[in-house]
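Structure, as structure tokens:
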Amino acid sequence: MARIKGKWEWYNVITDEPCSLIGRGFSFTSNNEPFIGLRIFVGAGGGVDVAYLYDDDEQGVYYMGDSEVVNSNYRTIDFGSTQQEIDDGLYDFIVRHAISRDPKTVRGKWRWNESIPATDSADLMRGCAVSFTSNDKSYDLLSIDTVDIGAGVGSTWALFYGSDTVCVGEAGSESIPISPEYREMDFGSAEQEVSHELYLYLLANATYLMPEIAEKLGRIAENEQRVYDAGYRTGYEQGEAAGVEQGKRSEYDLFWDTFQKNGDRRYYERAFADTTNGGRMWINGKNYRPKYPMKPLQAMQMYEYGYLPYEAIAAVDFSECTDFYGTFAYFSIVGTDKKFPPIDISSATRTQNMFGWCTGIKEIEEICVSETTPYSSCFAGTTNLVEVKFNGTIAQNGLNFKDCTQLSVQSIESVINHLSGTTTGLKVTFSRTAVNKAFETSEGANDGETSAEWAGLIATKSNWTIALA
Amino acid sequence: MERIILRAKNGFLFTDGEVYGKTVYLGVNDKPENWHEISKDEYEKRVKEEEAID
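Just so you know, the protein sequences line up as chains W and Z, in that order.
Take 0 as the starting number for the first sequence in numbering that gives the first Met the number 0 and just add one per residue.
Take 0 as the starting number for the second sequence in numbering that gives the first Met the number 0 and just add one per residue.
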């Protein structure tokens, strides 16, 4: 049995293989009404029924269905704040066709990077309500906006704490250098709900200081050393090498045997996701030291917010994995070249936000796909991606590189060259900025979409609609 | 057959309900009537909803 909690929101469109699922024994609300079960039916002809049951006679209301009025008021379902057991099949269907909508929170101390970028986020420019202290003063609003710096000079970007203009950028610059006295913010010990925009901006441009989990993991590492030392003394006194190994390995084995189910674990949902409050929990070689090979069947948000090196990811076999929902969302590769290893997603049935907001990745060596691999917002927010190479045939809708403004000629060519030559009615999206730069007719012209080279390339796949966003 | 190219006016993008673009190169089986223009603000609102992740 799986477990589920919190708020989930169904997608607008649900398509799946034919199935019939029904479950009770858990409770949830939708549209402020209580329900005791779910019934889901996907017909061979593609019709989908998602029904919420309010009695054991299977009476219910429909979020999506043919025989009842489809009602968007029931689009969100709330399982409450406590984990509830739910049938594996229902859980699998929910996580593949709905998005978790639990609110974002922050707490504790955060430190800005030495400079932060300007933003076109209306939410940040309007000001985000959050309580914090900085430089011995309390504030309840944080915003990034422009400020006039003088007649004839114009305006530039600045960081505001409350009504205080604390840090100002230079004229014409899109970044704001953060003064040392204002770099640290303390949001207090209690969780505060913040806007999604502020949450993402903090993750991208600030560091969470001294996380509690990292302290605890540090103590585990110290205990491991103490166990090693105790085992070594026992082995030395008794002259038994096994005693030394036992002392050294006991803490390591106990954790990883449990965490990886003695090597049998195949469902790695959020297994190595770093905390949503920021900070790095999993550190390669220190506590990220999996004992058993990993070959996930399910990798939903497996490395979300993670920060690991090339070899750590390269060691995972994703060839049989079906669920890549947010697997590497907000992930960053250790190392200056920011190169992500080859990855096999040929068995995927879901790839939404797989590399979402991976601003810490510049190159993906190879993505191995099959004709059934789906694409949905895989590269949303992956603004620093330059190189990507495909292997296999792209034959599903929705591949979207709109945020990859630095994508190289070779990468764009790789995508187009691997589009199926026989399908019809499918669409792919590129960044217009990337195409205009990559195919520009002369340096600085940014006119690539008018070039003969671009026209010649897309002419090879006239069966595809190609959008430049 | 030459591709039909849709170019949105300033401040707008084309969409067919799934995909968005300032410039859209229609595939051989696609038609202009499948697409309509929306404002950039509406586009950003839709994308924000579609890409939300927890």
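The C-beta atom is built at its ideal place from N, Cα and C for all residues, glycine as well.
Please read these numbers as outputs of a predicted model, since none were measured by experiment.
- Within a 10 Å sphere around the beta-carbon of Z/Glu32 sit fewer than 16 other beta-carbons, which makes this residue exposed.
- Note on geometry: alpha-carbon atoms of W/Ala314 and W/Pro308 lie some 11 Å from one another.
- Only residues of its own chain outside the window of five on either side were considered, and among them Tyr306, Phe330, Ser331, Ile332, Lys337, Asn383 have a CB closer than 8 Å to the CB of W/Gly359, listed in chain order.
- Taking 7 Å as the Cβ-Cβ cut-off, the region 407 to 431 of chain W approaches chain Z at Thr423, Gly424, Lys426, Thr428, Arg431, given in chain order.
- Taking the CA atoms as reference points, W/Ala205 sits about 38 Å from W/Asp87.
- In this chain, the alpha helix (DSSP H) harbouring Z/Lys44 covers 39 to 50.
- At least one CB atom of chain Z sits nearer than 7 Å to the CB of W/Leu467.
- Note on geometry: alpha-carbon atoms of W/Phe34 and W/Gly79 lie some 12 Å from one another.
- One thing to note: W/Thr335 has its Cβ no nearer than 7 Å to the Cβ of W/Glu370.
- Of the residues assessed, W/Thr257 falls on the exposed side of the cut-off, its CB having fewer than 16 other CB atoms within 10 angstroms.
- In its chain, beyond the 5 residues on either side, Trp7, Phe27, Ser29 have a beta carbon closer than 6 Å to the beta carbon of W/Ile76.
- Rounded to the nearest whole angstrom, the C-alpha separation of W/Ser346 and W/Met353 is 14 Å.
- Contacts between W/Trp463 and chain Z, judged by CB atoms closer than 7 Å, involve Gly26 in chain order.
- Using a 10 angstroms sphere on the CB of Z/Asn9, the tally of other CB atoms stays under 16, which defines it as exposed.
- Chain-ordered, the chain W residues with CB closer than 7 Å to the CB of Z/Glu49 read Ser376.
- W/Ala379 belongs to the set of residues whose beta carbon lies under 7 Å from a beta carbon in chain Z.
- In the three-state reduction of the DSSP assignment, W/Thr459 falls in the coil class, being assigned neither a helical nor a strand state.
- Beyond the five residues adjoining it in sequence on each side, W/Glu180 comes within less than 7 Å, by CB distance, of Asn134 in the same chain, given in chain order.
- Interface residue (Cβ-Cβ distance to chain W less than 7 Å): Z/Gly20 is classified as such.
- Proximity of chain Z to W/Asn72 at the Cβ level (cut-off 8 Å) is not reached, the minimal Cβ distance being about 17 Å.
- Remark: three or more beta-carbon pairs, one from each stretch, lie closer than 8 Å, so the region 108 to 128 of chain W and the region 173 to 192 of chain W are flagged as touching.
- For W/Arg349, the pairing in a beta bridge is given by DSSP as W/Asp322.
- Counting the other CB atoms within 10 Å of its CB gives Z/Thr14 a total of 16 or more, which places it among the buried residues.
- Around the beta carbon of W/Ala298, 16 or more other beta carbons sit within 10 angstroms, so the residue counts as buried.
- In the structure shown, W/Pro176 adopts extended strand secondary structure according to DSSP, grouped into three states.
- In this structure W/Ala311 is buried. Its beta-carbon is surrounded by 16 or more other beta-carbon atoms within 10 angstroms.
- Pairing W/Lys401 with W/Thr432 gives a Cβ-Cβ distance that is not under 7 Å.
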